[in-house]
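**Q**
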Amino acid sequence: MRLRIRFAKTGKVRFVGHRDVARLWERGLRKASLSVAYSEGFSPRPRLSFGLALSTGYESNAEYLEVELREPFDDATWDCWKAEEVRARIDATLPVGIDVLAVAPSDRGEDSLQKAVTSCTWEIIVDGIDVEEASTGVLELLGRSQILLERERKGKIFTEDIRHQLLALEVNGDADDGVRLIADLGTQPRALRPGEMLAAMDPPLTARSVCRMNQWMLQGNDRIEPLSVDAAPAPLAEVRA
Amino acid sequence: MSSLWPELERVLGEVQKPARYIGCEDGMIVPEHRPEKAAWLLIYPDTYEVGLPNQGLQILYEIINERPDAVAERSYAPWTDMAGVLRRTGLPLFSVDTHRPATEFDILAFNLSSELVYTNLLECLDLSRVPLHTTARRPEDPLVVVGGHCAYNPEPLADFIDAAVLGDGEEVVSELSEVVAAWKAAGRTSRDGILRELARIEGVYVPSLYEAEFDGDRLVSLSPSTTGIPEVVEKRTVADLAQWPYPKNHLVPLTEVVHDRLNVEVFRGCTRGCRFCQAGMITRPVRERPAGQVRTMIADGLQRTGYDEVALTSLSTADFSNIEQVVATAVADDVCGQVSVSLPSLRVDAFTVGIAAEIQRARRTGLTFAPEAGTWRLRQVINKLVNEEDLYGAVGSAFSQGWRRAKLYFLTGLPTETDEDTLAILDLASRCIDEGREYHRSPSVTISLGGFVPKPFTPFQWFGQNTETELRRKIGLLREGLRLQGKTYKGVKLKWHDASASVVEGLFSRGDRRLGAVIEDVWRNGGVFQEWSEHFDLKLWEDAMARRGLSLDWYVYRHRTEDELLPWDHLSAGLHKDFLWQDWRDALAEVGLEDCRWTPCYDCGACTGYGIEHIVASAVPPAGGSQGTGQAEGDTTVPVSLTTGPRVAAGVGS
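Protein chains in written order, with the working numbering: chain U, 300 to 540; chain F, 58 to 711.
1) Chain F partners of Val425/U, CB-CB under 9 Å?
2) Thinking Val367/F and Val321/F are a contact (beta carbons under 8 Å), I'd like their distance in whole angstroms, please.
3) Indicate whether Ala336/F and Val405/F have their beta-carbon atoms separated by less than 8 Å.
4) Check whether the region 415-427 of chain U touches the region 506-516 of chain U, counting contact only when three or more Cβ pairs, one atom from each stretch, lie closer than 8 Å.
5) Taking a cut of 7 Å between CB atoms, which residues from the region 308-319 of chain U lie near chain F?
6) Consider the Cβ of Ala76/F: report whether some Cβ of chain U lies at a distance smaller than 8 Å.
7) Since Arg131/F and Leu114/F should fall inside the 8 Å C-beta cutoff, what is the C-beta to C-beta distance between them, to a whole number of angstroms?
8) Please report the distance separating the alpha-carbon of Leu323/U from that of Leu393/U.
9) Can you check whether the CB of Gly326/F is closer than 8 Å to the CB of Arg352/F?
10) Anyone know if the C-beta pair for Tyr357/U and Leu412/U falls short of 8 Å?
11) By DSSP's criteria, Phe324/F is part of a beta bridge. Which residues make up the other side?
12) Just to confirm the assignment: which complete alpha helix (DSSP H) runs, minimum length 4, are found wholly within the region 519-591 of chain F?
13) Any C-beta of chain U sitting closer than 8 Å to the C-beta of Gly273/F?
14) So, helix, strand or coil for Lys271/U, using DSSP?
15) Is it buried or exposed, Tyr659/F, if we count other Cβ atoms within 10 angstroms and call 16 or more buried?
16) When we look at the beta-carbon of Glu93/F and count the other beta-carbons within 10 Å, is it buried (16 or more) or exposed?
17) What do you reckon, are the CB atoms on Leu279/F and Pro511/F nearer than 8 Å?
18) Suppose contacts are defined by Cβ-Cβ distances below 8 Å. Is Asp483/U in contact with Ala499/U by that definition?
19) Exposed or buried, Gln518/F, counting other C-beta atoms within 10 Å across all chains shown (16 or more means buried)?
20) Look at the Cβ atom of Ala401/U, then the Cβ atom of Arg386/U, and state whether they are nearer than 8 Å.
21) Alpha carbon to alpha carbon, how far is Ala630/F from Thr294/F?
22) Sort out for me which residues DSSP pairs Val416/U with in a bridge.
23) Excluding the 5 residues preceding and the 5 following Glu690/F in the sequence, name in chain order all residues of the same chain whose CB lies nearer than 6 Å to its CB.
24) Use the C-beta contact count for Trp611/F: other C-beta atoms within 10 angstroms, 16 or more gives buried, fewer gives exposed.
25) Please list, in chain order, the residues of the region 316-341 of chain F that have any C-beta partner in chain U closer than 8 Å.
26) Quick one: give me the first and last residue of the beta strand (DSSP E) that Thr137/F is part of.
27) Could you tell me whether any Cβ in chain U is nearer than 8 Å to the Cβ of Val695/F?
28) If you measure beta-carbon to beta-carbon, which residues of the region 448-462 of chain U are closer than 7 Å to chain F?
29) With 9 Å as the limit, tell me which residues of the region 353-373 of chain F have their beta carbon closer than that to any beta carbon of chain U; keep them in chain order.
30) Just mark Asn520/U as buried or exposed, buried being the case when its beta carbon has 16 or more other beta carbons within 10 Å.
31) Looking at Ile576/F: is its Cβ nearer than 8 Å to the Cβ of Leu179/F?
32) Between Leu69/F and chain U, is the shortest Cβ-Cβ distance under 8 Å, so that the two count as touching?
33) Please name the residue in Pro304/F, Ser559/F and Asp274/F whose C-alpha comes closest to that of Ile86/F.
34) Could one say the Cβ of Arg322/U lies closer than 8 Å to chain F's Cβ atoms, at least one of them?
35) Any C-beta of chain A within less than 9 Å: which residues of the region 323-345 of chain U qualify?
36) Quick one: which chain U residues come within Cβ less than 8 Å of Thr312/F?
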């Protein structure tokens with residue numbers, strides 16, 4: 300059985316790197332006594348697969364991982380009650396700031412999340428600028444026909460046009476000591492990071508905080524989330540009791 | 058109460074590994090600071106990755122926070138990039154728990170496990186904005202206290218520390234908390250008053266209240282400059298480890314650290330009597346934790362932390378009474394079947410390897426043994442009574458049971474060492490390869506060579522350390538041997554520690570308070586993180602010594618005489634100085650000394666002086682080791698089979 304899990308990474312733990320997040324998940328799932336499947340071989344590892352990496356220091360409300368279980372849950376019916384029980388059980392084992400938002404069985408046949416996700420929505424707070432200046436910068440960037448960026452790949456520097464990965468960008472008003480931008484950035488074949496986009500602006504901007512709000516995959520012409528937070532609404536406490 | 062987090066989170070993006078500075082570990086405590094509570098900042102003066110797993114610090118962190126009159130938080134030396142950011146932004150050193158400035162604590166307590174971190178201690182004080190010199194501190198400045206093994210000779214730090222604590226910290230932190238809380242309640246007026254009170258606590262040494270007199274180079278007197286404080290400061294010893302089942306809430310970091318696993322201390326102290334080993338001398342007697350408590354700590358710890366590895370720690374874990382039963386139950390308790398148990402200190406014999414085979418079901422990569430010296434003669438000098446059959450039995454057993462690599466630890470620069478002893482290391486390694494060829498096509502044996510540094514409170518405290526040149530020459534002998542006879546020594550690899558770092562360790566290991574100026578000089582010239590090879594710079598130390606007119610020859614390479622006053626003679630680890638001197642004479646006469654756990658007491662002083670004794674569950678020596686256990690020499694039969702088939706149960710007395 301495979302579980303797909305959506306989690307948030309906010310606050311101090313946003314400074315924990317991707318590899319360390321994987322390790323704290325391994326420990327958390329062991330504490331939650333989930334029967335995680337292990338790889339074969341000399342040095343067996345728990346079979347977890349994470350979606351797109353998140354830059355260290357960025358927050359997120361939409362991180363994903365998939366967990367392969369050795370056996371399905373005893374009470375075979377998976378419903379919203381079961382989902383909430385499992386969600387809460389896992390959530391309790393994780394550090395403050397790593398919050399499990401939703402859990403659901405997933406289909407083994409699907410593409411890996413890394414392949415399936417085509418874009419992300421980001422909330423970006425920039426410092427030292429007002430709404431008007433930010434709007435000018437955004438319009439200028441959107442007006443360009445190409446946006447050239449130097450990127451490193453296998454030790455070599457390439458110049459790439461990343462304009463097609465800038466799907467949407469808007470100024471979303473004031474935030475605490477800054478301006479809030481909302482951006483939709485493409486992830487295929489290689490994700491465009493908010494920091495790269497800000498650096499390409501004229502003048503370049505720096506983010507005070509960045510938060511991934513959503514990851515999106517395509518289903519026909521619609522974009523859907525791999526696991527929506529609304530998909531498995533938490534049952535009311537009194538109903539459970 | 059103030060938290061620097063809002064300022065820190067703006068700059069953490071600029072530094073490497075920001076997770077070092079966020080805290081948030083599982084097991085972290087957010088204490089409630091109150092004016093009447095003594096506030097401790099426990100500082101490990103090395104990186105977070107090295108310091109976080111430190112058991113001593115974790116134990117004290119919990120014990121202090123359980124007290125109603127004290128709180129404790131933690132800090133680690135910020136890496137150079139972070140130190141730069143703090144200086145640029147004007148932010149002080151802070152705790153990782155609540156990001157509180159260091160100056161808002163009453164006690165800055167440093168854990169010193171290596172001499173090379175001394176400059177980091179100064180760096181942390183400076184970043185805390187605490188005056189470096191005790192004489193410059195005002196009543197409102199925190200007290201600077203050190204503990205850990207280096208605290209047994211704190212003299213080089215005398216200018217900078219208010220107090221050093223000798224021995225086990227579990228009990229003494231309570232007395233310190235009481236005194237400091239009372240001092241706070243009284244308005245923290247005089248600094249002299251609190252220092253005198255600290256000096257009256259058993260195990261606490263206040264260097265500024267003791268005067269050192271020199272005649273030329275020689276130390277001629279080091280004694281109290283005031284009345285009412287002890288002539289000799291005795292170490293603290295926890296009589297029964299069963300009373301202290303800590304840490305109960307092992308800290309689980311969010312970022313990878315060294316020894317990233319559950320660590321359960323199974324006993325403290327060691328009476329094997331290896332003469333080079335300071336830890337074995339200063340932590341006597343042996344105090345075993347009851348097997349039932351070990352089992353509970355393992356089971357609870359694994360469940361609480363989610364770790365998949367547990368290490369049973371001590372100075373020689375295979376010597377724990379009935380160790381095979383303890384590890385067998387640890388493995389049996391394991392619910393998910395993926396937990397591996399490791400024994401970081403393997404004894405050199407096949408029995409021990411049998412236990413390791415039992416428990417290291419996964420990840421069977423390499424095993425490490427420490428014969429320490431190349432010949433039986435030299436092993437008698439250092440009292441590491443491992444004979445060749447023990448070693449070949451151990452290595453053969455390891456290779457037969459699936460391990461492909463063995464690592465052998467040796468020291469070079471030992472007393473009476475000849476080139477024959479040094480070169481014999483290659484032959485031992487090569488014989489180990491031969492053992493391995495019976496099971497694998499290309500077994501490998503790595504020799505790891507460390508430079509010997511004489512330490513206080515050991516029989517070798519009188520020995521003049523080998524010079525850097527001499528250590529390099531000996532390392533060179535082995536490199537040359539391997540190069541010229543590559544065929545003979547096929548499969549043998551050599552690694553060695555930097556001989557120049559041993560010089561600085563040796564300088565401070567047995568140094569006196571005149572060296573404070575040298576530490577400060579090196580720190581002022583940027584010498585931090587000296588235990589990191591990328592930062593270590595011998596020239597900084599040599600130049601600082603030269604500027605003070607001090608000589609490395611005199612401090613490091615000189616043999617001491619019996620009548621010489623040593624800079625730690627006014628401190629005591631319980632060991633009689635005449636016992637140590639006799640053991641030094643025995644060493645030179647190549648006479649071994651058996652382990653007193655299983656043979657009659659030879660009155661070293663560690664038990665009798667404090668009215669305590671060994672706490673061991675089994676009064677008979679462990680199976681399979683001839684090594685100084687009082688078992689007949691030559692009886693090297695090993696009660697485990699050397700095949701991969703079912704092993705014969707070891708007959709250990711109960």
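Just so you know, even glycine gets a beta-carbon here, dropped at the ideal spot from N, CA and C.
**A** Once the coordinates are examined:
1) None at all; the shortest Cβ gap to chain F is about 13 Å.
2) 6 Å
3) no
4) Result yes; three or more Cβ-Cβ pairs closer than 8 Å.
5) Lys311, Val312, Phe314, Val315, Gly316 and Asp319
6) yes
7) 7 Å
8) 7 Å
9) Arg352/F places its beta carbon 8 Å or farther from that of Gly326/F.
10) no
11) Glu345/F
12) 525-541, 556-566 and 573-581
13) No, Gly273/F lies away from the interface with chain U (no Cβ there is under 8 Å from its Cβ).
14) Given a span of 300 to 540 for chain U in the structure shown, any question on residue 271/U remains unanswerable.
15) exposed
16) exposed
17) no
18) no
19) buried
20) yes
21) 9 Å
22) Met516/U
23) Confidence at Glu690/F is low in this model, with a pLDDT of 48, below 50, so the placement of that residue should be treated as unreliable; the coordinate-derived value is given next. Once the five neighbours on either side are set aside, Glu690/F has no close Cβ partner at all.
24) exposed
25) Taking 8 Å as the Cβ-Cβ cut-off against chain U, none of the residues of the region 316-341 of chain F qualify.
26) Premise fails: Thr137/F lies in the alpha helix (DSSP H), Thr137 to Thr146, not in any beta strand (DSSP E).
27) A caution first: Val695/F carries a pLDDT of 34, below 50, which makes its placement in the model too unreliable to give a value.
28) Result list empty, no residue passes.
29) The residues in question are Leu359, Gln360, Arg361, Thr362, Gly363, Tyr364 and Asp365.
30) exposed
31) yes
32) yes
33) Pro304/F
34) yes
35) Reference to chain A is not applicable here, since the protein chains of this structure are U and F.
36) Val315, Gly316 and Asp319
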